[in-house]
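Residue numbers (my numbering): 40 to 116. This report refers to the structure that appears directly beneath it.
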């Protein structure tokens, strides 16, 4: 199994919880709602485009999760 760099972001927007999973190596970004339903999937992106998308979701207060971190741990801080 390959170890690809994956970025996981989580944020609240309009009272709803969202999660984004991006993989710059594959050129994909997926955004899920609180129920895990896939809302948006974009593929064929370059690394610059993925970075721009990540900067955009950070404007909504997104927090980047560490792969080894407990989910939702940052919500209590």
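We put the CB at the ideal spot given by N, CA and C, even for glycine.
Quiz prompt | Anticipated Cβ contact below 8 Å, residue 103 with residue 46, distance rounded | solution = 6 Å
Quiz item: What is the DSSP secondary structure of residue 99, reduced to helix, strand or coil?
Solution: coil
Quiz prompt | residue 100 versus residue 75 - alpha carbon distance | solution = Going by the C-alpha atoms only, they are around 19 Å apart.
Quiz prompt | Three-way DSSP call (helix, strand, coil) for residue 58 in this model | solution = strand
Quiz item: Taking the DSSP output, what are the residues bridged to residue 52?
Solution: Among the bridge pairs identified by DSSP, residue 52 is matched with 55.
Self-check item: Exposure label - residue 82; buried when at least 16 CB within 10 Å
Solution: Answer is exposed; the Cβ neighbour count stays below 16.
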